[in-house]
Structure formats: structure tokens, C-alpha cells
Amino acid sequence: MEGMGHPCAGLLTPHPREHRERGRREHPGGLPEDRGQRAAEWGDAQPQPRVPARLRGSPRRCGTQLFIALSYLFIVLERQLLFMTLGPRGRVSCNPSADAKPRPRAPRARSVVFFFCFGFFSIICYIKKKKKKENNGRINSIFVQPPFPVAIKRWAARPTPQLRAVRISRRGGARGRDYRSRRAVRRGRAAERGGAVGRGGRTDGGGERCCPAPAAAAMERRAEAPPPPQGLDFTVENVEKALHQLYYDPNIENKNLAQKWLMQAQVSPQAWHFSWLLLNMDKVPEIQYFGASALHIKISRYWNDIPADQYESLKSQLFTHITRFAGGSKIVLTRLCVALASLALSMMPEAWPCAVADMVRMFQAEDSNVDGRARCLALLELLTVLPEEFQTSRLPQYRKGQVRSVLAQECGSVFPLLEQLLQQQDSPGFIKQKVLKCFSSWVQLEIPLMDCENLIQAAFTSLQDPELFDTAVEAVVNAISQPDAQRYVNTLLKLIPPVLGLQEQLRQAVQSGDMETSHGICRIAVALGENHSRALLDQVEHWQSFLALVNMIMFCTGIPGHYPVNETTSSLTLTFWYTLQDDILSFEPDKQAVYQQVYRPVYFQLVDVLLHKAQFPSDEEYGFWSSDEKEQFRIYRVDISDTLMYVYEMLGAELLSSLYDKLGRLLTNTEQPSTWQHTEALLYGFQSIAETIDVNYSDVVPGLIGLIPRISISNVQLADTVMFTIGALSEWLADHPVMINNVLPLVLQALGNPELSISSVSTLKKICRECKYDLPPYAANIVAVSQEVLMKQIHKTSQCMWLMQALGFLLSALQVEEILKNLHSLITPYIQQLEKLADETPNPSNKLAIIHILGLLSNLFTTLDISHHDDDHESTEVKKLPVQQGPNPVVVVLQQVFQLIQKVLSKWLNDAQVVESVCAIFEKSVKTLLDDFAPMVPQLCEMLGQMYSTIPQASAIDLTRQLVHIFAHEPAHFPPIKALFLLVTSVTLTLFQQGPRDHPDIVDSFMQLLAQALKRKPDLFLCSNLDVKAVFQCGVLSLKFPEAPTVKASCGFFTELLPRCGEIAPVGQVVHENGKVLLQAVLEGVGGQASRSLMDHFAEILFALNKHCFSYLSIWIKEAMQQDGFPSARVSPEQKETFSQQILRERVNKRRVKEMVKEFTLLCRGLHGTEYTADY
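Oh and the sequence shown: position 316 is 334 in the working numbering, straight run, nothing missing.
Written out as C-alpha cells, the structure is:
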């Protein structure tokens, strides 16, 4: 293949974007996303080259191929050995001593071998090229192929991209859908096309390396470059030095400096000059890549800076460079194609109406300097990245619609070419692969499905070629997954036979364990069924063909093996079953009944398949699974659980009856004992339905409750499922309390097993919450077992907290005397332990113990509510106990331990975690008890005042805010609340004088406290001891904090303060005197000092100023905007005047004010009209 080196060079040196595609073929299970942690085990490995089909079976050719690879390897080792062993002047580079003796250069024999291999390889390349000329075929009738000298590839400079392993989280997402969504594919391809230069190469988003490591032979010879100073001119020489520093300087600070400088260089006006010079053919690929990347950035982000008369010149230069690089570095070629694609998108449709046709015509023209096949690949690359660049570009919506329409029309210039290349029998495999990728890219432009029919059929044919299989699958899936495709029902019906025709290939793949092929075929079947189930269901006359497709998907769902170790295909089908039943149930009743008659048997079969797939493997096999495989299997079972929930909507109570009958037969059949996996799977089906469906009226649940004690539990997984099933039936048990005694002993017994910690504790908590009014007869036993378990410390901290919450629910239903009795026995050991810890010298070990005990108490008090504030009215009207007279038991306990808590605080006041744990006890008690907490208010206010006066803590302010919220409006409690509020304010104002920037959490909490005070008790701002002006100034200062939560809280304070100008005289006076300062701070944030995510909050302040201080605002905003360069030097006086008038005119519509502020902040930041703001 002339002009491209050795005919196998393109395969031995894969395009960076091909590494992931090749990874799917080389590693069973498909993409790294599908394999989770497994991908990390091979993600960093060099992808192995596949031997082309035309070379298989030929020992001589395969031997030649192997020799070439070994020759490349020898060149690399030779060069690395030279650089590692010899310094720049023949000295050993690892020894910097001044008296190191000179060392002779590498032995001559080594160099002789090197040049021998080099020469022999050149001869082989020439012979292979001569033999290859006869295979060019008809492709040369489209792309003329003139002679071109053979160039040896820089093999050592080729990239080794790292494949990322993406951990899948599917709970709450699109269950069972193919992990590689089309948007993810576009993002991945966009990342490969490049962006700003990153450390060690261009990185985008996740940091995946897309730019190759520098060519050692060329870059190492350069002198060590000093760090580029920030004021250095953006010249070619300085850019090359900075790139060398970025790649080779071991100093991370210098790398960061070079990174920052290069990013500035890419967007500088000088980039138009040096980027072209960096593309000279004598530069190494890394430098060329940076030049191409700079061109793309200038075109895509700063299009408005390009004069219209320069469009044609820029287009011509890009065409010239793409042609020049057609046989060169692939990553530079791709980047140049992306730049030209961005140019075309910006010029369409006015300045370049026939862009795609011109591209095809330009590359089909004869060029004596570049061979036809190289130009063919370059054109295909350009046509591939053009739709991808459109999908990732941030064109305004009106422009995006125009460009999409133009591109869809231009497919008439693309598809005939693609069809011709695919139909040629002698087209090389890599050409067909590029054609399929190009087609896959174009179909995502919502091109009518009927226009794609020929290429889709060609893609189905390509599925028989192992080398084209992955690309063909992607093309077919993308084509039939377009939302607009459902309009072309006749074309969809034509696609069903070829999909069904893949069943034999699917069965063979399953039998041979070819997970890649089965995965791909399943994707095609699911894409057709899931995306167009409603359209295909409507074609009643074709119901048999669609039913055949459904059965094919059923086969994929029940594919043999355990997910994800033996197969990764079945999860793709789960969303289809939901979609199908949803479409069936959406029909009118008469039509729905017909479809139910056909598909109910299918769904009963699906239940059997899903329960079989949900079964655990044998204990021995499961023991060999990795933790990641077990986690993926857990998520897979969750998806099956959700699917069963949807199936219940289709099958109704008959599904529960079916499950109950099967479980009963399993447990009562003594002649053929079943494995625990069958029992567990059936219980899991019950649990899946009972968790979300109201089964209170089911007639099989009593039988199920009766069967559960008969289950022989000899396995942890089975015991877990039994516990979760009981927990899922807790609401049913509340309506049928007589059955509680059947299952409660099982739960209490499991409570002592550490392996069942999560399931047993969560189940007990559910039972205590739902059935608490029926549990008094069992209370003593539950408390005793729980106390024993807690003292043994066999559960983790989180489960201990859940257990205390369960006990809180349980005790809430008892008489006060019983509550106090149980509380005494339950918490006395912890109080005694806390007393000992309080006497000890503070150290890390007793700190953890103190926090643990305080956490247990706070979680107990969170749910111990004898007033039943959280109970539903209807459910508690009958069962609710009489309200008890006297103090609340929680208050009694808190009063008893109050002195002990103060003692703990006296030693741990400097520790924020301990203080936070102490405050959590009272905060959760206040939230639960509400008015019942009143007796504790005076002493708690006093303790908080002492705490905050000694060492200010944010948790103390948060607790103060809760007290203000609940008790400030009550006259009896206003004095202590007022005193605490004034003290906290005074101490915080002092903190502001000392420097608040080190305490953003305190400032955040203080601003929230002030806003709460204005909401609940504005009279607090009438206190003579409150310096309202100082508070106002602190709020203004807080608006300038770098922490977004603090700024948000400060905005909330002013939003509450400004409406009080008329009713609170001190507030009105301060606002009138200092409002201009507030306005300036807000405008500074809008002008660029604050994050754009905060603009809505700043807009609310402007809206409040305009609504409540209009006469003052009109003066302040005029004076502020008259300052030069305020709030930004990027906005003109006219733009500032327009913004001011817009704000002053809008006093009703807050949403409109937010839009004005967003638009103005973009102008201030120089981002208005750029790609960054299309979705803002």
C-alpha cells in the first residue's frame, strides 16, 4: 500500500480511538464499562494487534509479520539502551559525579545489528508494497494512487492509551440498558479528538491520555529547557520549549507552569501564526498535535474573531494540511479533521452551503503526492468526525437546528460513497471498518431510516466478518435506535427478518462461549424491540414476527451462565421487558385484553427465567468470585427485582400465587430435596414485589409467613433473603399482628449473627417502626436481645445506630414508667462508661468511644417520641395511646446526664467532632420532641453560650438556630433565646474582626442563623445590644467568600433582611446608609468574582433591593455603573446602562431578573455567545 509504509502498519499501529474497539474484541465481556474491575486488570496493557484475515493461514506471511514486529522491538530497545546507558557526552547518565570516567559508546556489533535490521526491514517493506499494489482493486478508480516513497513509522513514538474502567452504578438508572449509551460514545470520541493540552499529553475530562508520548529520539536531543516565564512571547520556539518541559521536566511545578502557559498560548492571538508553523513535517507528532489542537480551539471558541474574508483561506490551508498528513500521524490527522469539521459547522449554511459535497470532491481529486488509499482514509476520518463534532458542539439552539438540517441533506453525498466502498469485494477490512464507523456517526443526525436501509443491510452482512463485527453492531444499533425511526414502520418491519436471521449465529456463539458475539447480537435485537415496541405492536398483521423477536430476546435474557462471570448479555434485556408491558398496558381495554392473552404466558416464562438468573452459584464457585464480580451480581439482582415489580403490574396477584405454589412444593417435597439457591430465588421474588406493591389484600401472604419458619437456613445468602423478606412484609404484619410471633424469633436470633448484621437490624427496625403498637408484649425480650448484642459489639457502628433507632420506635409505644425502666437498663452501662471516659486524659482511642456513645444516645432520642408527632393521623387514631402527663422520658434522661455532658465538653471543647456529637444529641431531641423539649431550653441556652464563648463552633450555631426556630416565638422562652442569640452574634462579630476567612463553616452557619431569626422572630433585630450595622457589614463581607455555600447562605440572609426595611427601623436605617456597599458587592460577584452557579442567589438580592428600596437602588446602581471597569472591563457603558434599566424596570417577575443577571455575567466574563454558554 503506497504512501502508508508497510501494508500492515495501520493495523500494528492502531488509531487511538480504535484501542477501545479492539479491547472489546480482545477481552470477553465487551467494554471496560461492562467488566467493572476486570477492565482495570487489563486496561493499562498494550492492545494486541489482530492478524488480518488475508494473512491468516500463510506461514510465510505471518513469519514476515512477526519479523517486522521483532525488528521494531529491537529498534526501540536499542534506542532506549543508548539513552539509558550513555549520557550526552559518553558518561554514565545515572552517575553525576565530576570524576566519573568516560565510557566508550555502544559496541559496534550492536550498531551493525541495528542497521542490518533496519535495512532488511526496508527491503521487506518494499517487497510487500510491490505485492500489495495488485490488491488495490476498484478503490483506485475513486482515489487515484500514485507512487509514494516508503516511510518507516516512528514506532517508538506511538501512543499506548490507557483504557479506563468505568464503574457502573445502575440503581435508579436505565436498568439493563447497554452501558455504552450513545451520549457516552460521543463523549468518549470527543475526548479522543482532543482538547487543551494536559500533563503528559492532551487529556479531556477523565484524564485519558490521547496524545502520544514524545518521540524519544527527537525530543531527548533538545537541550533542557528552562521554565517558560509567564511574560514570555508566544512564539514557535517558546511553545516547543514549553512542550518539552511539559513532557520531560521531572519538576511537577515546572510542568504545571508549562501547562498553564501552553493553555494561554492556545487561546492567544499569536496562535493563528505559530499553529501553522508547528505543523511542519519536520516536527515531532507531539508538536504537530499541539498546533492542530490550537487551530481547533481558535476555530471552535473564537469563531467571531475570524474575518469573513479569511474563511476561504483558512479552509484551503486546512485541506492542504489534511492531505499532507493523510499518510502521516493519525492523531494529528484526526485533530486537523476536527478543526475542519468545526470550521464547516460554523460556516454552514450561508458561507459554505455544500460543505460535505466539497469535501468529497476535494479528496476524490487526483493528487500526485498522496496515494489514493491514504486520501480515502483521511476523507472517511473527516466525514466521521463531522457529525461527532456537531453532536458535541455548543451551537445556539437555532443554529443547531439549521446545521442539523443541512447535514441531513448532505447525506446524499456521503451514503453512495459508503455503499460503494462496502460493496467492493476487494476493499480492505480497515477501509470497511472506517466506512461503518462513518455510517454510525451519520445516522445519529436523525436521518430518515428509509435512506439508511441499504447501508443497514450492508452492516448486517458485515456481521459475518469477525473483524467488522463490533463496528457493524454499533452501526446497526445506532441506526435503529434513533427516536425518529419509529415513523418508518415498513422499514422497521424489513429489519425483523435479518435480526431473526442472527439466531443461529447467536446460538453458536453461546455454545462456544463467544461472549462478544452474543453480546453484540443481543444489543441489536434489544435495540429494535425496546425502541420500537409500540410501533411493532400496532402492526397486528405482523404479530407473529414480533413475537418471534420477543422470544429471541427471551433467549438472550436466559442465556446460560452466571452474570457477570459467565455472561454479560442478559442484563441488556431487562429494560425491554418493562417497555413492552408498559406499551401493552397503555392500549385501550379491548385491545389490551387481546395482547394480554398473547403475552401473559411469555411473562410467566420470563419470571421463571429471571428467578433462575437470580440464583446464586454454588458456594465453592461463589468463593472464587472477586469482590467486584459479587458487587456486579448484587446490582444485577437489584435490576431483576425492579423488573419483577413491573411484571407484577402485568400478571397481578396470579404471580404471587405462582411463587407461593412453587415455594410450597419445594419446602414440602421431601423425596426430591432442592438446593438452597432455588428457595432463596423464590423468596427474593416475593421480597421484590412486597417491597413496592401493597400486598395487604393478598391471600398468599399468610401462607408465606407460615412457610418461612419451615425453611432450613444453612447459608448466609438465604438467611439474608429471609430477613429482607420479613422486613418487606412489615406493613402487612402491622395489619395482622397475630402473625408477628411467627417471624420475630427468627429476627432476634439472626440479630446475634455478625454476617446478618445489615439484614437483621434493618428488618427489626422496620418491624419496630410499623408494628410498635403491637410489640409491647415482646418489648422486654427485644430490649434484652438488643442490649446483649450492643454490649458484645458484634455490629458495625452504622448498624448499632439503626438498632438504637429501632429501640426508640419500640419504646415510644410503652407507658412512661415502662419507658423509663427500659431506658435505665439500656443506657446505664453507656453512662457509666462515659463517666469513666470523662475522667481520662483525652486521647484518640477514648475520643472514638465517646463519639460512639453520644451517637447511640442521639439515635435513640431521634425516634423515641411518646407524642407521636410523625405518626399518620388515620393509622394512629385508633391505636394511639393516651398522651402521658408529666415530663417526657427523653427530657428526664437528658436532665440526668446533663452534668456529665458538660464534664465531657470541658475536656473536649477543642475537638469539633466531640462538640458536634454533643450538639447532635440535643438537636435531634429538639426535632423529635418539639414543644416537649421546653424544660431543657434555659440550661441548654446557658451551656451553648458558655461553649461558644470559649471556642466558637459551627455545630453550636446550628443548634441555636433550631432553638430559635422552635422556641423564639414563645414569650416564656424568648429571654434565654434572646440572650443566646445576642451572645452568639457578639462572639461572631469579634471573630470577623480577627479574620473570618479561616472559618467559612462558622460564617455559613451564622448567616443561616440570622436568616432564621428574621423569619421566626424579627424582633430580635430590635434589641439595643445588637449592632445591626456590623451584622450587615459581615454579611457583605461574606458575599465575597470563595466558598459557594457560604455565599449562598449570605444571600439568603439579605433576601430575608431587605423586606424588613419598612417594619424594623434599625434595619431600614442600616440598609439606606450602607445599601450601596451591598449593591457593589453583588455586582462584583456578577462581574466575575463569584461562581456562575450563584447568579440566581445574587439575582434574588437585586430583586429584593428593587422591590423594597427602589428609590435608593436607582441612585446606587447609576453611581456604581459610572465607575470605569466596574463590574468588569469587558462590558461597555451602553451594556451597563441597558442592564441597569432592565433591573429597575422588573419588580414583579423574579425569573426574568435571574435571566438578566445570567446574561450580564456572561458579558462581564467575556463568555457571551461562546460554546461554554449554550446550556447556561
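A virtual CB, placed ideally from N, CA and C, is assigned to each residue, including glycine. Given the structure is predicted, the values throughout are model-derived calculations rather than measurements.
Only counting the same chain, and skipping five residues up and downstream in sequence, which positions put a Cβ closer than 6 Å to that of H339? L297, L354
Just tell me which of L358, K348, Y320 has its CA closest to the CA of S331. L358
Roughly how far, in whole angstroms, is the beta-carbon of L1001 from the beta-carbon of S967, given that I think they are within contact range, below 8 Å? A Cβ-Cβ separation of about 7 Å places L1001 in contact with S967 under the 8 Å criterion.
Whole-angstrom distance between V1005 and A1029, CA atom to CA atom: Rounded to the nearest angstrom, the two C-alpha atoms are 18 Å apart.
On the criterion of 16 or more Cβ atoms from any shown chain inside 10 Å, does G531 qualify as buried, or is it exposed? exposed
Let me confirm a value: K278 is counted as buried when at least 16 other C-beta atoms fall within 10 Å, else exposed. Which label applies? exposed
Rank V761, V356, K348 by C-alpha distance to the C-alpha of K333 and give the top, closest one. V356
Between which residues of its own chain and N877 is the CB-CB distance below 6 Å, once the five residues before and five after are set aside? For N877, where only same-chain residues beyond five positions count, the Cβ hits under 6 Å are M819, M822, Q823.
Pick helix, strand or coil for P1063, following the three-state DSSP scheme. If DSSP states are grouped into helix, strand and coil, P1063 belongs with the helices.
Are the beta-carbon atoms of G703 and L629 separated by less than 7 Å? Result yes, Cβ atoms of G703 and L629 sit closer than 7 Å.
Taking C-beta to C-beta, are I869 and L852 nearer than 7 Å? no
Reducing DSSP to helix, strand and coil, say where A1147 ends up. coil
Which term fits T575, buried or exposed, when burial requires 16 or more other beta carbons within 10 angstroms of its beta carbon? By the neighbour-count criterion, in which 16 or more other beta carbons inside 10 Å mark a residue as buried, T575 falls on the buried side.
Our contact map puts Q709 next to A746 with C-beta atoms below 8 Å; I'd like the distance itself, whole angstroms only. The sequence shown places Glu at residue 709, not Gln. About 5 Å; that satisfies the 8 Å criterion.
Please determine, among G309, L1057, G447, the residue with the shortest C-alpha to C-alpha distance to F1021. Rather than Phe, the amino acid found at residue 1021 in this sequence is Val. Nearest option by C-alpha distance: L1057.
Within this structure, are the beta carbons of G826 and T781 separated by less than 7 Å? no
Which runs of the beta strand (DSSP E) fall wholly inside the segment 809-883 and span at least 3 residues, in chain order? Taking only runs of at least 3 residues, no beta strand (DSSP E) segment lies wholly in the segment 809-883.
Within 7 Å, strictly: CB atoms of L725 and L662: Annotated as distal: L725 and L662, with beta-carbon spacing of 7 Å or more.
Of the listed residues R541, Y506, Q650, R391, nearest to Q521 (C-alpha basis): Q521 has its Cα closest to that of R541, out of R541, Y506, Q650, R391.
Residue from P303, P907, N274, Y307 with nearest C-alpha to I884: The shortest Cα separation from I884 among P303, P907, N274, Y307 belongs to P907.
Sequence-distant residues of its chain with Cβ nearer than 8 Å to I984 (five each side left out): Same-chain partners within the cutoff: V944, L948, D949, F951.
How many angstroms separate the CA atom of L1044 from the CA atom of V1166? In this structure, the CA atom of L1044 is about 33 Å from the CA atom of V1166.
Go ahead and pull the three-state DSSP assignment for Q914. helix
Q695: which of L473, R1078, L603, K631 sits nearest, CA to CA? K631
Separation of F622 from L673, as counted between CA atoms: One alpha carbon belongs to L673, the other to F622, and they sit about 8 Å apart.
Which of the three DSSP states, helix, strand or coil, is assigned to M366? coil
Taking a contact to mean a Cβ-Cβ separation below 7 Å, would you say W750 touches V719 in this structure? The beta carbons of W750 and V719 sit closer together than 7 Å.
For I315 and I1119, the rounded distance between their alpha carbons: I1119 and I315: Cα-Cα distance of roughly 37 Å.
First through last residue of the alpha helix (DSSP H) which encompasses L17: The displayed coordinates of the chain run from 19 to 1194. Any statement about residue 17 would go beyond what the structure contains.
Go through its chain and collect everything with a Cβ distance to L250's Cβ below 8 Å, but skip five positions before and after it. Same-chain partners within the cutoff: N256, W279.
Simplified DSSP assignment, three categories, for T443: According to the sequence provided, residue 443 is Gln. The question's Thr does not apply to it. Correct three-state label for Q443: coil.
Can the beta-carbon of V734 be found less than 7 Å from the beta-carbon of E773? Yes. Within cutoff.
Mind listing, in chain order, the continuous alpha helix (DSSP H) runs of no fewer than 4 residues lying wholly within the segment 489-555? 507-518, 521-530, 533-549, 551-555
Can you tell me whether DSSP reads K1176 as helix, strand or coil? helix
Nearest candidate by alpha-carbon position, reference Q1012, set M1025, C1052, D1037: Closest by C-alpha distance to Q1012, out of M1025, C1052, D1037, is C1052.
Thinking just about the alpha-carbon of each residue, which of K273, T1003, L510, L565 is nearest to the one in L1041? First, the residue type needs correcting, since residue 1041 is Cys and not Leu in the sequence shown. Closest by alpha carbon: T1003.
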